[in-house]
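Going down the list, the sequences are from chains A and B.
Quick note on our numbering: the first sequence kicks off at 1 and runs consecutively.
Quick note on our numbering: the second sequence kicks off at 431 and runs consecutively.
Using N, Cα and C, we set each Cβ at its ideal position, and we do this for glycine too.
These notes concern the structure reproduced below.
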Amino acid sequence: MSELTLQNAVVVGADGVLDGLNDVVIVDGIVAQIGSNLAVQGDAIDCAGAWVGPGFVDVHTHLREPGEEWKEDIETGSRAAAAGGYTAVVAMPNTDPATDAGHLARYVADRGAQVGLVDVIPSGCITAGRAGEKLAHLDELSAAGVTLFTDDGDSVADAGLLRRAMEYLAERDGVVAQHCIDAGLAAGGEMHEGEISSRLGMSGVPREAEETVIARDLSLVRLTGVRYHVQHVSTAGAVDLIRDAKAEGLRVTAEATPHHLYFDHTSVRDMNPTYKMMPPLREPADLEALRDGLRTGVIDIVATDHAPHADHEKDHPWEDSPFGVTGLEWAAAVVNMVVGLEPEGFFKVLSCNPAALAGLADQGRLEEGSTANLVVFDPEGIADTNGTVSRSSNSPYLGLEMRGAVRMTIYRGRVTSRDRSVADPVGAAG
Amino acid sequence: MKHLLTMEGVDRATLDSLLDDADEFYEVMHRPIPKVPALRGKTVATMFFEPSTRTKLSFERAAKALSADTLSFSPGTSSLKKGESLKDTVLTVKAMGADLMVVRHKSTGAAWRVAEWADLPVVNGGDGAHQHPTQALLDALTLRQHFGSLDGLRIAIVGDIRHSRVARSDVWAFTTLGAEVTLVAPPTLLPPDLSGWPVTASTDFDDVLTEVDAVYVLRVQAERGGASVFPSVAEYRQRFGMTDARFARLKPDTIVMHPGPMIRGIEIDGGVADDPRCKVLEQVTNGVAVRMAVLFQLLGGSRDE
């Protein structure tokens, strides 16, 4: 029997923050008891000053396996997730080959289960090979357990094709998650279009590249009734569109990334491709709109868009470097520092809402009898930013002073990370 | 000065010092033996990751006139095509014994990255549409030679400002040296946000034409017409070309400049290009002189002969 007792924590349960300081007793992977001054079972961990809540769930992770294992693989990505407080990640389908058929989704899920450090939930492509030309094997993907569909990295540009995907997926209550960037407006775009891009002579990605896609998609959501999720919202105008869509009653959710909450386009001034991602870093007013969107529930989720790239791929000038930054390890610190949510709201955007979007019944929930997927987060602790657990180090947070430390991650009752020291995988590497 | 990467933020004293040295080297270039031993034993690597003829030739001419050796790199013969990172390429050339690198690259900030990796003096020979500082210096030298000073000069820069590293460099050099700059272009070829630029902007060339002391004509990349940045090359010429008719309306002492290569019949008519008030060849000569000054200052050359 494995037992563990977390003591003296601010506990965020299914109905919000419990009064006073409480203990959580975990027995055989299940939350056995929550209450004050409980009898210790197994090791006792003093969590004074920390919050204990459901483990974080990332609905936007690039694990790069299969096909680009020099950047990351399911094991190293799972380790980075555990270090960052995550107990589940949704793997993006822009692998090589792209996850556009059932067996490919099962491969990802099986590798995740072998590693056994977090739930690895495959997402599936909307179009075959992410080519935007014909539908992916949506039935097969559904049968393999996929509920979230996206061509992430590209928008589905053809509105007719997207409409058919929406109709097809609405029938089975799937989620269409869109990377909203209009390829024409963003053509050649390397960064946010504005003062800095003008000064640097780089082609810009105007806010409208994102907003026109969302506006178009929302009218198709109105037509088809599908569940629709806006990935990595980056502009204030997009937040307005989503607010209005929710007020209208459309089944819409949205995510913001840590980097869009933390950095603005002035970070690009030094032309270091560590700050290169799509959508690009925007302006302070956009950051404030995203933060406010999270506070008011217009934006439901903080999702990392963890996008590892090897050093040698970023050892180039800006335009020759790939888009993307890692994010799993310090996302919670960013939320803690810049969004300013109370513990209940903090776990909503990092755990509960993403678990609901991904349809994960044993994630995003902390109550007696629930699966022990938990995180111990110290909001006043200093985050360790001296190195990465991920295989890739394209992180803009390295070396920053950050407040908010993941003390412990518990996945199905097992401690998978303690102060960034990550447990061994459960199964042998496949 | 450790590197020469940009014209933005470079102060007047630094510009004056480089232009003063360039004047001296201009005189050297016109001696019977146009060569000094100032950089003997030094090696200048010209690393042109983007095709370029004149800038590369100009830097190599400048290095040789200072008695430096040159190492020449061009992408057609490089490992970049095999997927080598820029960092590895740079460290490889450094390991061969370069003392200074001149970097030309289609991507923004390339010279900054090279400076970070190589720990050598670096001259930006043009990065993307961002900066081309030695072009601005040679342009400033040309204006200074002709007018004596840039103070109070009115200069129009006409053409594809949005994609021009020449414009982005000239704007700072010219205004720091006291000139007033007006950018003239169709709206699609102006940068989307000019906040903080010490310039005025206009889409009406004819309105600006008669007011200025110098017209700086930028090359039109004809393929931009295909990308629908302007409707056609003919319409561009009609509104923004330095035509013979517009040339006739300039003040009699106004000069015309161009960074080359000129596309006659599009942005500049042949009659203008061949007029003595078009200073293109002076610019080319001055390019060698200012590059000598830059190499000399960055490599700490000695004036003793």
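Selection from the options that minimises the alpha carbon distance to residue i
i	options	result
residue 149/A	384/A, 361/A, 246/A, 60/A	60/A
residue 200/A	612/B, 593/B, 603/B	593/B
residue 588/B	538/B, 563/B, 541/B, 612/B	612/B
residue 219/A	116/A, 4/A, 162/A	162/A
residue 136/A	171/A, 117/A, 159/A, 93/A	93/A
residue 374/B	498/B, 597/B, 581/B, 457/B	With chain B covering 431 to 735 only, the question about residue 374/B has no answer from this structure.
residue 310/A	706/B, 515/B, 643/B	515/B
residue 665/B	650/B, 456/B, 586/B	650/B
residue 679/B	657/B, 705/B, 641/B, 669/B	641/B
residue 151/A	83/A, 127/A, 296/A	127/A
residue 325/A	362/A, 364/A, 394/A	394/A
residue 56/A	341/A, 65/A, 84/A	84/A
Beta carbon of residue i nearer than 8 angstroms to that of residue j
i	j	result
residue 549/B	residue 535/B	no
residue 698/B	residue 647/B	yes
residue 366/A	residue 42/A	no
residue 261/A	residue 287/A	yes
residue 108/A	residue 58/A	no
residue 319/A	residue 194/A	no
residue 489/B	residue 532/B	yes
residue 555/B	residue 485/B	yes
residue 348/A	residue 298/A	no
residue 173/A	residue 243/A	no
residue 158/A	residue 132/A	yes
residue 390/A	residue 76/A	yes
residue 177/A	residue 155/A	no
residue 211/A	residue 237/A	yes
residue 33/A	residue 368/A	yes
residue 635/B	residue 670/B	yes
residue 234/A	residue 273/A	no
Cutoff 6 angstroms; reference residue i; Cβ partners in own chain excluding five residues on either side
i	result
residue 430/A	Below a pLDDT of 50, predicted positions are generally treated as unreliable, and residue 430/A, at 41, falls in that range; the measurement from the model is reported next regardless. Excluding positions up to five away in sequence, the list reads 111, 114.
residue 717/B	488, 568
residue 357/A	59, 253
residue 692/B	698, 703
residue 170/A	224, 225, 226
residue 505/B	479
residue 119/A	88
residue 614/B	586, 588, 632, 635, 638
Contacts that residue i makes with chain B (C-beta to C-beta distance below 7 angstroms)
i	result
residue 200/A	538, 560
residue 271/A	538, 539, 542
Chain-order list of residues whose beta-carbon lies under 8 angstroms from that of residue i (same chain, five-residue window excluded)
i	result
residue 713/B	568, 569, 572, 687, 688, 689, 690
residue 9/A	21, 22, 23, 24, 47, 48, 50, 51, 52, 376
residue 405/A	333, 377, 378, 381, 382, 383, 384, 419
residue 449/B	567, 570, 571, 574, 720, 723
residue 431/B	444, 727, 728
residue 538/B	557, 558, 559, 560
residue 67/A	95, 96, 97
residue 494/B	465, 500
Proximal residues of chain A, C-beta to C-beta of residue i below 7 angstroms
i	result
residue 482/B	Per Cβ cutoff of 7 angstroms: no residues; residue 482/B is ~16 angstroms from chain A at best.
residue 515/B	312, 315, 316
residue 595/B	201
residue 707/B	Neighbours of residue 707/B on chain A: none; closest Cβ ~29 angstroms, over 7 angstroms.
residue 598/B	201
Any non-hydrogen atom of the ligand MN within 7 angstroms of residue i CB
i	result
residue 207/A	Inclusion of the ligand MN in the displayed structure is not the case, the ligand content being empty and no account of it being possible.
Own chain partners of residue i with C-beta closer than 7 angstroms, once the 5 adjacent residues on each side are dropped
i	result
residue 694/B	700, 703
residue 735/B	Residue placement at residue 735/B is poorly supported in this model, since its pLDDT is 46, which falls under 50; the coordinates still yield a value, given next. Within the same chain, residue 735/B has close Cβ partners 466, 467.
residue 264/A	281, 282, 283, 284, 287
residue 372/A	26, 29, 30, 31, 410, 412, 413
residue 140/A	101, 102
residue 528/B	473, 475, 501, 550
Under 9 angstroms by beta carbon: chain A residues contacting residue i
i	result
residue 623/B	193, 194, 195, 196, 197, 198, 199, 204
Neighbouring residues, chain A, relative to residue i (Cβ below 8 angstroms)
i	result
residue 626/B	195, 199
Interface partners of residue i on chain B, CB under 8 angstroms
i	result
residue 320/A	516, 537
Report the residue ranges of all beta strand (DSSP E) runs contained in full by the region 73 to 134 of chain A; include only those spanning at least 3 residues, in chain order.
86 to 91, 119 to 122
Taking the runs of the beta strand (DSSP E) that are 3 residues or longer, which of them lie wholly in the region 559 to 585 of chain B?
none
What alpha helix (DSSP H) runs, 4 residues minimum, are completely inside the region 157 to 206 of chain A?
159 to 171, 195 to 200
If you scan the region 449 to 512 of chain B from start to end, which runs of the beta strand (DSSP E) of 3 or more residues do you find wholly inside it?
473 to 478, 499 to 503
Let me know the beta strand (DSSP E) ranges lying completely inside the region 602 to 644 of chain B, each 3 residues or longer, listed in chain order.
610 to 614, 630 to 632
My parser needs the beta strand (DSSP E) runs of 3 or more residues fully inside the region 251 to 295 of chain A; what are they?
252 to 256
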